[in-house]
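The C-terminal residue of the sequence shown carries number 483 in my numbering, and the numbering is unbroken.
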Amino acid sequence: MLMTPEQYIESLRKLNLNIYLMGKKVTNWVDNPIIRPSINCVAATYELAQQPDRQNIITATSHISGKKINRFTNIHRSIEDLVNKAKMERGLGSYTGSCFQRCVGTDALNALSIVTYDIDQKYNTEYNKRFLSYLNYVQENDLVCDGAMTDAKGDRNLHPAEQADKDQYLRVVDEQKAGIIVRGAKLHQTGAVNSHEIIAMPTRAMRKEDKDYAVAFAIPSDVPGIVYIYGRQSCDSRRLEGSSMDTGNAQYGGQEAMIVFDNVFVPWERVFMCKEWDFSGDLVEKFATYHRHSYACKTGVGDVLIGACQLLAESQGIAKASHVKDKIVEMIHLNETMACCSMACSYEGCQQASGTYFVNDLWANVNKLNVTRFPYEMARLAQEIAGGALVTLPSESDLKSPEVGRYVSKYLVGVDGVPVENRIRLLRLIENLTMGMGAVGYLTESLHGAGSPQAQRIMISRLARVDRMKTNAARIAGISNNK
1 MLMTPEQYIE SLRKLNLNIY LMGKKVTNWV DNPIIRPSIN CVAATYELAQ
51 QPDRQNIITA TSHISGKKIN RFTNIHRSIE DLVNKAKMER GLGSYTGSCF
101 QRCVGTDALN ALSIVTYDID QKYNTEYNKR FLSYLNYVQE NDLVCDGAMT
151 DAKGDRNLHP AEQADKDQYL RVVDEQKAGI IVRGAKLHQT GAVNSHEIIA
201 MPTRAMRKED KDYAVAFAIP SDVPGIVYIY GRQSCDSRRL EGSSMDTGNA
251 QYGGQEAMIV FDNVFVPWER VFMCKEWDFS GDLVEKFATY HRHSYACKTG
301 VGDVLIGACQ LLAESQGIAK ASHVKDKIVE MIHLNETMAC CSMACSYEGC
351 QQASGTYFVN DLWANVNKLN VTRFPYEMAR LAQEIAGGAL VTLPSESDLK
401 SPEVGRYVSK YLVGVDGVPV ENRIRLLRLI ENLTMGMGAV GYLTESLHGA
451 GSPQAQRIMI SRLARVDRMK TNAARIAGIS NNK
């Protein structure tokens, strides 16, 4: 059954999460002014799934039950599924202007659908059967899953088993008849405190000596031993002031958290990899490639930034200036280039042995490498168009002040007939996306999410068919193959 956004928010209230924010335990976290915008953003994924004109994109048909499900819980069974996933992510990015926090969960589900099957084929295990049972549970209850991959890592020169503190990578510390005990932490976890389920995966390829760290599992987000330490974002204290104008994005936002696993029990039916170290690298690569495909979401946020710049230019009387037109066109060019890469790696996807469709891995990595650069250039162009007022604006309180408000209104006026408040709101939105709270998801996450740029370069180097290029170049140049 598809949940409504209201039902989703009420479902969060039933969770007993152990959350710390700014050093203090948060009790009513659902209504906390810093956290709530990120909840609103996830709720939008439920809202749009209820709209008839969007359902062909936001929903899918379960290959297990045949029922209508939210696409974020879907396993890709066709090229169309891959294409619709990218379209959905762009649409939600443009609807919220923020990170809606569910891509990592769907990418984890799809990666596990492939790798659990492959492990079973080699070791005659039952991981895929367990996974499909879990997947059915997630789909039937329309749950949000957080995909937890990034470990603390400690000394990067050392492998997991070589660390002085063995918990720098999440690991199995005990095996019992009923399940396993795990300990460690996952960092930078997008949407963690807005999720019903946590899906943990290895963060790197493991050696045999690191087999205790080759573990994948799913647990409810409020099981004993889980602690969430909420991450700070630039300008997040503005949420505490109650000003929708000064935050830039009046309704939506993203969030990240550190997840601490302090001797957490995981029943065997929710364990999908346990010490099969030789498959850890494949799981990492499958997940990372899916997630690099997911960065279609940044083109949606880019749509919002372009729209804000165009409206601001019109409100300031500079929309007809040739250099402004050129900047807007360049922003569109960069944004659509990213969108084209997302579509290309979708259309060139192929079926795996498990039946799940996997994107073209080379083009997914090219897509993500573009995403590490293009939003930064778009942000620079946006700041050029915005001008210095972007970082010197008085506050909403000043605008509404009986003492100085008239001065703010008088001297921040633009084109006649355009309310001063509109200009301020547009400037704040651009600030939000290029240096404020929204920049966490639009810029920094674009750089480091789904692996930092060097990870994509390594994969591109590995996947590109340079030998074929050399052969063709030699043939065209008239160079003999035996020389």
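Idealized CB from N, CA, C, for every residue including glycine.
Model, not experiment: these values are computed from the prediction.
Using the beta-carbon count (16 or more within 10 Å), is residue i buried or exposed?
i	result
D118	buried
S221	buried
H196	buried
P37	buried
H333	exposed
V366	buried
L447	exposed
Y442	buried
N422	exposed
K177	exposed
Q51	exposed
S322	exposed
D210	buried
I479	exposed
L158	exposed
Shortest alpha-carbon distance to residue i belongs to which of the options?
i	options	result
R183	F72, P419, D174, G191	D174
E285	M459, R130, C350, T27	M459
C65	E140, R36, V30, G93	Before going further, note that residue 65 is Ser rather than Cys in the sequence given. It is E140 whose Cα lies nearest to the Cα of S65.
C103	Q189, A386, P160	Q189
S397	S11, T106, S243	S243
R292	N56, A450, S354	A450
I328	M245, E384, D361, K298	E384
E336	I75, K320, A86, A319	A86
K24	L12, Q352, I57, G231	G231
A296	A364, D212, Q351	A364
S280	G254, A214, A250	A214
I9	M88, D31, C235, I19	D31
N16	D303, V193, S94	V193
L369	S395, I476, A455	A455
V227	M338, G179, L187	L187
G417	F374, Q316, R270	Q316
V138	G478, S62, A477, I424	S62
M338	D326, L311, N249, G300	G300
L426	V466, L311, G438	L311
L390	A205, R428, V266, M258	R428
V457	G302, E162, V371	Before going further, note that residue 457 is Arg rather than Val in the sequence given. Comparing Cα positions, the closest option is V371.
Along the beta strand (DSSP E) that carries residue i, what are the first and last residues, could you check?
i	result
Y20	19–21
T59	59–61
I69	68–70
In chain order, what residues of the same chain lie with their CB nearer than 6 Å to the CB of residue i, ignoring the 5 residues before and after it?
i	result
A382	L305, C309, I430, T434
F131	L112, T116, F272
D142	L2, M3, N70
R238	D246, T247
A319	A313
T96	C41, A44, Y252
M331	I306, M378, L381
R468	none
C99	G254, G441
G405	L399
E47	P5
Tell me which same chain residues have a C-beta within less than 7 Å of the C-beta of residue i, skipping the five on either side of it?
i	result
G225	F261, D262, N263, V264
V359	L82, T289, Y290, H293, C345, S346, G349
K129	none
N110	I75, H76, Y290, T356
K208	W277
V223	V264
Hey, could you find the ends of the alpha helix (DSSP H) residue i is sitting in?
i	result
V26	Segment 24–26 is the beta strand (DSSP E) holding V26; no alpha helix (DSSP H) there.
Q454	453–463
R102	It is not in any alpha helix (DSSP H) - R102 carries neither H nor E in the DSSP assignment.
A43	36–49
S354	S354 -> no alpha helix (DSSP H), and no H or E assigned at all.
Y95	79–96
S342	322–347
V30	Segment: none, V30 is in no alpha helix (DSSP H) and carries neither H nor E.
D467	466–477
P5	5–13
So does residue i have its beta carbon nearer than 6 Å to some heavy atom of the ligand GDP?
i	result
G97	For the ligand GDP, the structure offers nothing, since it holds no ligand at all.
Could you name the residues of the same chain whose beta carbon sits closer than 8 Å to that of residue i, not counting the 5 residues immediately before and after it, in chain order?
i	result
I484	Outside the displayed span of the chain (1 to 483) sits residue 484, for which this structure offers no information.
V324	A313, I318, I385
V26	I19, Y20, N32, I35, Y230
L135	I64, T73, I75, L109, S113
V408	P394, D398, L399, S401, V420
### Residue ranges of each alpha helix (DSSP H) within the segment 370–412, 4 or longer
For the segment 370–412, the full-length alpha helix (DSSP H) segments reaching 4 residues or more read 374–386, 396–399, 405–411 along the chain.
### Task
Ignoring anything shorter than 3 residues or poking outside the segment 115–182, list the beta strand (DSSP E) runs there in chain order.
Entirely contained in the segment 115–182, the beta strand (DSSP E) runs reaching 3 residues are, in chain order, 145–148, 171–175.
### Every unbroken alpha helix (DSSP H) inside the segment 192–273 [4 residues or more]
Whole alpha helix (DSSP H) segments, 4+ residues: 244–247.
### Query
Mind pulling the alpha helix (DSSP H) runs of 4 or more residues that sit fully within the segment 414–458?
Runs found: 420–434, 445–448.
### Every unbroken alpha helix (DSSP H) inside the segment 270–299 [4 residues or more]
Runs of the alpha helix (DSSP H) spanning 4 or more residues and lying entirely within the segment 270–299 occur at 280–293, in chain order.
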